[in-house]
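Undergrad: Residue numbers (this note's numbering), protein chains in the order written: chain H, 1299 to 1484; chain W, 1299 to 1484.
Ideal Cβ placement from N, Cα and C applies to all residues, glycine included.
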DNA sequence: GCATCGGGAGAACGATCGTTCTCCCGTCCG
DNA sequence: CGGACGGGAGAACGATCGTTCTCCCGATGC
C-alpha cells in the first residue's frame, strides 16, 4: 500500500468512525486497527490528531460542495428548480444507512468551544451552502434574505433528520422552501 | 452548604462547562474545582458522569419547556402571534453572551452515536418544541405539516446562530415563519 | 551476498480520565 | 468530655488517551 492509498484509507476510516462515535471517542489505536494503516505511517501522514480531524473536515467540505454543484448541474430547469433540488439531495443523503447528521454541525457541537479551527471550518462550510442557495435566488431576482431562509430550512432538516433518524424533514423543508420561493417570486 | 444547594451548584456548573467545552472535555475534577463541591459529594449526588449528563439535560429540557410556555403565555394575541413569538424568544436566547447553540443538538452530535439515552432525550426535547408549535398551528386550523416546517426553521436558526455567533438567524427564521403562516392561513 | 533503509507490530511513556479510598477535621449526641 | 459520624482535600487506581520508541522483517542497491 503506497502513501496515497494509505492516506485515502485513513481519511475514509476516520470520517466514518468520527461520524459514528464522535471525534473524541475514536482513539488513534482504533483508527489504526480499523484502517489497517500502522501508527507510524498514520503519524507521518498526519502529525497529530488535530491535523487529521481538520483534514477529514476539509475533504468532506470539498466533497459536499462538489456533490451539491454536481446535483445542481443535473437540474437544467433553472434556478427555481435548482434551489428546490437541494432538498432532494438532502433527502437522499438522509436516507443513507447510519445517517447521523451533518459532520460540521456535530463536530462543532463537540469541539467548537475549544477548537477555533473547527468553528472556522464549520462557518465556512455553512457559508458555502448559503452562497450556493444565494446564487439560485439571485438568478431569480429574489432578495438575498431568501437564501438565508432556505439555508435555515436546510440546516434544520439536517439536525432533525439526524436526531429523529428519519429522512422526512427533507420533504418538509422542500415544501416550505417552495412556499418561500413562490412568495418571493410573486 | 446542604445537599440541595450542592446539587443546584453542580447542575449549574456542569451545564455551563458542558456548553462551553463539550461534555467529554470536562473532567469530574474540573467540575469539582469550578463548583466547589467535593468529589465525594459529587458522586453521592450523581453516581456517575453519565447520570450527571442526563440530569443536566433533563433539567435543561424542563427549563426550556417552561420558558417557552411562559414566553407564549405573555402573548395574548392568539396562536398566530404566539407561533411567531417563538422566534423572538430564540432571538433573545441567541443574543446571550457565550451562546454556542442548543445543548441537545450539540450533545447529540458529541454523544448521540454511543449514548442511546442522549439520543432519546434529544428526540423528546425536539418533539416538545414541535408539539408546542403544533398547538399553535392547530389552533389556527393550519395543517400539521406547518408545525414541522416551523420547527425546521427554529432548529436551523439555532444551528446557524451557534456556528456563526450571530443572533440574526432568529429574525430571518421569523420572517420565513410569517410567510409560511400567512400562506397556510390563506 | 551484504549492508541499508522503510515500514509493520506493538510496547512504552506521560498525561488525564472516571472513580474510589485514605486521612483528617469539625460537629453533634450521650 | 469522648466518641461516632459526615464531609472536605486530594492521593491513589486502573484504564485509556495521544504520541513516541524499539525491535524486527523484507526489499532494494551495489
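Alpha helix (DSSP H) containing residue 1342/H: first to last residue?
TA: As a position in the first chain, residue 1342/H is number 44, starting the count at 1. Run containing residue 1342/H: 1337 to 1343, per the alpha helix (DSSP H) assignment.
Undergrad: Around the Cβ of residue 1337/H, are there at least 16 other Cβ atoms within 10 angstroms (buried) or fewer (exposed)?
TA: Sequence index remark: in the first chain, residue 1337/H carries index 39 (1-based). Burial call: exposed.
Undergrad: So if I threshold CB-CB distances at 9 Å, which residues from the segment 1460 to 1474 of chain H count as touching chain W?
TA: 1460, 1461, 1462, 1463, 1466, 1467, 1470, 1471, 1473, 1474
Undergrad: If you reduce the DSSP assignment to three classes, tell me which class residue 1377/H lands in.
TA: Numbered from its first residue, the first chain carries residue 1377/H at position 79. The answer is helix: DSSP assigns residue 1377/H an H, G or I state.
Undergrad: Please name the residues in the segment 1335 to 1353 of chain W whose beta-carbon is closer than 8 Å to at least one beta-carbon of chain H, in chain order.
TA: Those would be none; no residue qualifies.
Undergrad: Please state if the CB of residue 1463/W and the CB of residue 1404/H are separated by a distance shorter than 8 Å.
TA: Mapped onto the first chain, residue 1404/H falls at position 106. Mapped onto the second chain, residue 1463/W falls at position 165. Against a cut-off of 8 Å, the Cβ pair of residue 1463/W and residue 1404/H comes out as no contact.
Undergrad: Closer than 8 Å by beta-carbon distance: list the chain W residues that pair up with residue 1438/H, in chain order.
TA: Taking the first residue of the first chain as position 1, residue 1438/H is located at position 140. The contacting residues do not exist; residue 1438/H stays about 15 Å from chain W at best.
Undergrad: Which of the three DSSP states is assigned to residue 1317/W in this structure?
TA: Locating residue 1317/W in the second chain gives position 19, counting from the first residue. Of the three classes helix, strand and coil, the one that applies to residue 1317/W here is helix, per DSSP.
Undergrad: Taking the alpha helix (DSSP H) that residue 1441/W falls in, what are its first and last residues?
TA: Indexing the second chain from 1 puts residue 1441/W at position 143. No alpha helix (DSSP H) contains residue 1441/W, which DSSP labels as neither H nor E.
Undergrad: Thinking residue 1471/W and residue 1454/W are a contact (beta carbons under 8 Å), I'd like their distance in whole angstroms, please.
TA: Within the second chain, residue 1471/W is the residue found at index 173, counting from 1. Within the second chain, residue 1454/W is the residue found at index 156, counting from 1. Indeed, because the Cβ distance is near 7 Å, the residues count as touching under 8 Å.
Undergrad: When you compare only the Cα positions, how much space is there between residue 1390/W and residue 1465/W?
TA: In the second chain, counting from the first residue as 1, residue 1390/W sits at position 92. In the second chain, counting from the first residue as 1, residue 1465/W sits at position 167. Cα to Cα, the separation comes out at about 8 Å.
Undergrad: Let me know if residue 1381/H comes out buried or exposed under the rule of 16 or more other beta-carbons within 10 Å of its beta-carbon.
TA: In the first chain, the residue the question calls residue 1381/H occupies position 83. By the neighbour-count rule (16 or more Cβ atoms within 10 Å), residue 1381/H is buried.
Undergrad: Does the CB of residue 1406/H have a neighbour CB from chain W at under 8 Å?
TA: Here the question's residue 1406/H lines up with position 108 in the first chain. For residue 1406/H, the answer is yes, since a Cβ of chain W falls inside 8 Å of its Cβ.
Undergrad: Kindly list the residues whose CB is nearer than 6 Å to the CB of residue 1366/W, restricted to its own chain and excluding five residues on each side of it in sequence; keep chain order.
TA: By one-based count along the second chain, residue 1366/W stands at place 68. Counting only Cβ-Cβ distances below 6 Å, and skipping sequence neighbours, we find 1430.
Undergrad: Under 7 Å Cβ to Cβ from residue 1379/W, same chain only, skipping five residues before and after it: list those, please.
TA: In the second chain, the residue the question calls residue 1379/W occupies position 81. Excluding residues within five positions, the ones whose Cβ falls inside 7 Å are 1373.
Undergrad: So which residues on chain W does residue 1384/H lean against when the C-beta distance must stay under 8 Å?
TA: For the purposes of this step, residue 1384/H is taken as residue 86 along the first chain, with counting starting at 1. In chain order: nothing, as chain W lies at least about 13 Å away.
Undergrad: Assuming residue 1321/H and residue 1351/H form a contact by the criterion Cβ under 8 Å, report the distance between their Cβ atoms to the nearest whole angstrom.
TA: Walking along the first chain from the start, residue 1321/H turns up at place 23. Walking along the first chain from the start, residue 1351/H turns up at place 53. About 6 Å; that satisfies the 8 Å criterion.
Undergrad: If I follow the unbroken alpha helix (DSSP H) through residue 1348/W, where does it start and stop?
TA: Along the second chain, one-based indexing puts residue 1348/W at 50. Here the alpha helix (DSSP H) through residue 1348/W covers 1347 to 1371.
Undergrad: Please report the distance separating the alpha-carbon of residue 1394/W from that of residue 1306/H.
TA: Reading the second chain from its first residue, position 96 is the one you call residue 1394/W. Reading the first chain from its first residue, position 8 is the one you call residue 1306/H. So the alpha carbons of these two residues sit roughly 42 Å apart.
Undergrad: How would you list, in chain order, the residues of chain H whose beta-carbon sits under 8 Å from the beta-carbon of residue 1307/W?
TA: As a working note, residue 1307/W is residue 9 in the second chain. Per Cβ cutoff of 8 Å: no residues; residue 1307/W is ~21 Å from chain H at best.
Undergrad: What are the boundary residues of the alpha helix (DSSP H) that residue 1412/W is part of?
TA: One-based indexing of the second chain puts residue 1412/W at position 114. Residue 1412/W -> no alpha helix (DSSP H), and no H or E assigned at all.
Undergrad: Suppose the cutoff is 7 Å on Cβ atoms and the five residues either side in sequence are ignored; what does the same chain contact list for residue 1482/H look like?
TA: Walking along the first chain from the start, residue 1482/H turns up at place 184. Correct list, in chain order: 1440, 1441, 1444.
Undergrad: Decide if residue 1311/W is buried, meaning its Cβ has at least 16 other Cβ atoms within 10 Å, or exposed.
TA: In the second chain, counting from the first residue as 1, residue 1311/W sits at position 13. Residue 1311/W comes out buried.
Undergrad: Is the CB-CB distance between residue 1426/W and residue 1402/W below 8 Å?
TA: Residue mapping note: residue 1426/W aligns to position 128 of the second chain, counting from 1. Residue mapping note: residue 1402/W aligns to position 104 of the second chain, counting from 1. Here residue 1426/W is not near residue 1402/W, since their CB atoms are 8 Å or more apart.
Undergrad: Any residues in the segment 1300 to 1325 of chain H with a beta carbon nearer than 9 Å to a beta carbon of chain W? Which ones, in chain order?
TA: 1317, 1318, 1319, 1320, 1321, 1322, 1323
Undergrad: Once DSSP output is grouped into helix, strand and coil, what is the label at residue 1397/W?
TA: Indexing the second chain from 1 puts residue 1397/W at position 99. If DSSP states are grouped into helix, strand and coil, residue 1397/W belongs with coil.
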